[in-house]
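Here the structure is laid out as structure tokens; the discussion comes afterwards.
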Ligand SMILES: *Cc1c(COP(=O)(O)O)cnc(C)c1O
């Protein structure tokens with residue numbers, strides 16, 4: 017990876033979308049009316065939106081041109097065949113089931129392979145994956161290495177599966193109870209941390225010993241491949257396509273949220289190597305998503321997805337993408353702001369628990385920081401702490417808090433320039449400078465499930 021100041025963005029801007037920083041008084045009013053929950057803000061009241069990298073990418077001229085060549089035939093659209101050819105070329109999976117987004121691909125995979133009482137081991141399942149496993153009556157089992165959970169641990173592949181934990185799981189429950197292993201790469205839930213090829217291969221060897229298939233949650237497969245090229249001994253001179261090929265040689269198929277590394281605003285797919293499994297998947301695709309060649313998407317959206325997949329393995333794009341995230345991370349560290357180390361692929365996670373050490377979990381330190389970043393610079397970030405993950409004990413009703421209070425700054429792909437990132441870093445520094453005067457929050461409304469989306473707070 018070259019130093020950030022020796023190159024610039026590998027694209028220029030053809031169309032602009034105006035954004036506006038509303039006045040401090042307007043921001044104060046907006047966040048108060050939103051009940052101090054940024055999910056309730058109007059996006060027009062946000063200056064720099066770092067809520068998520070999902071479906072927020074800027075498409076290229078090549079993708080937009082593809083939108084104009086959408087073939088909206090109900091069956092056999094030419095865009096489907098293009099998508100199929102691109103996916104087979106990248107992943108080696110011949111059989112493609114388009115879906116409206118990633119979770120729909122998860123749904124179909126579970127319907128086909130999972131029965132109540134099963135267990136699905138992986139490094140660390142994403143929220144929707146965990147939800148679908150539970151909805152199938154099965155148990156998600158996270159086998160991430162212990163180091164993967166430690167924010168300050170600066171290791172190159174913190175998304176790796178602990179092979180000993182996985183072996184224990186396979187020995188205890190076997191093929192009967194374990195329909196497949198799922199590797200999420202990069203691992204979203206601990207900060208976009210990559211999985212090494214050595215780990216992919218070790219999982220495959222172990223899986224083969226037990227006759228268990230391996231699937232890949234491929235939402236950020238390209239970012240993962242870039243980290244392998246940069247960090248794993250022996251891969252520096254391999255192309256990203258070769259590395260992705262090796263990753264997929266360890267898998268029987270994948271689920272994909274195209275809203276991430278396919279550089280589109282909506283879409284997903286399930287890709288499979290087995291024709292038999294494909295035929296079963298189509299039986300669920302048709303009633304839930306639509307006919308097998310469109311799967312809940314317009315032909316134009318499928319074309320944009322195919323073209324995004326053609327673009328995403330461009331080395332200069334990924335260098336700039338990962339470099340931008342890393343550069344923001346370094347600026348925050350430089351300002352004395354504690355973050356999860358090393359920076360992952362798609363965002364920076366601020367350790368709000370340690371930055372706002374004077375606020376206990378019960379006063380929502382991460383949410384308080386989210387509010388301050390909005391007040392300071394109109395920046396929308398997201399809380400991953402007491403509100404998102406805290407829950408009440410079933411019997412005592414007592415609050416159980418997560419270990420970490422994190423604030424995620426998620427960077428959309430190809431959307432913001434380094435100047436925007438400089439502004440974010442400066443705003444975060446200004447907030448950190450007045451950290452001791454930041455007050456906590458109290459919940460005034462919470463829904464019984466997924467409360468962080470709709471919660472309302474008051475300032476203490
Ligand atoms: C976003 C995401 C999903 C779910 O995809 P949607 O397109 O949001 O349904 C699954 N896994 C990972 C790792 C993700 O980041």
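In this note's numbering, the protein residues as written are 17 to 476. Just so you know, even glycine gets a beta-carbon here, dropped at the ideal spot from N, CA and C.
In terms of Cα proximity to residue 144, the closest of 125, 23, 336, 161 is 125. With a contact defined as Cβ atoms closer than 8 Å, residue 341 and residue 427 qualify at about 5 Å.
Contact holds between the region 130 to 140 and the region 150 to 164, because three or more Cβ pairs, one in each stretch, are under 8 Å apart. Residue 109 and residue 453 have their alpha carbons spaced roughly 55 Å apart. Listed as beta-bridge partners of residue 288 by DSSP are 111, 269.
With a cutoff of 9 Å on beta-carbon distance, residue 360 and residue 116 are scored as not near each other. The criterion of a C-beta distance shorter than 9 Å is not satisfied by residue 259 and residue 215. Around the Cβ of residue 141, a 10 Å sphere holds 16 or more other Cβ atoms; the residue is buried.
Proximity annotation: ligand 1 has residues 70, 117, 118, 119, 142, 144, 145, 200, 204, 233, 235, 273, 275, 276, 284 in chain order, each selected because its CB is closer than 6 Å to a heavy atom of the ligand. At the C-beta level, residue 324 and residue 287 stay beyond 9 Å of one another. Measuring C-alpha to C-alpha distances from residue 455 to each of 79, 433, 388 identifies 388 as the nearest.
Under the three-state reduction of DSSP, residue 324 is assigned to helix.
With fewer than 16 other CB atoms across the displayed protein chains lying within 10 angstroms of its CB, residue 105 is exposed. The alpha-carbon of residue 122 is positioned some 11 Å away from that of residue 231. Taking a 10 Å sphere around the C-beta of residue 187, we find fewer than 16 other C-beta atoms and assign the residue as exposed. DSSP lists 233 as the bridge partner or partners of residue 200. Taken in chain order, the complete beta strand (DSSP E) segments of 3 or more residues contained in the region 64 to 125 are 111 to 115. Residue 158 carries a strand assignment under DSSP once its states are collapsed to helix, strand and coil. If you draw a straight line from the Cα of residue 305 to the Cα of residue 261, it is about 28 Å long. Between residue 264 and residue 90, the alpha-carbon positions lie close to 31 Å from each other.
Counting of Cβ neighbours within 10 angstroms places residue 466 among the exposed residues, the total staying below 16.
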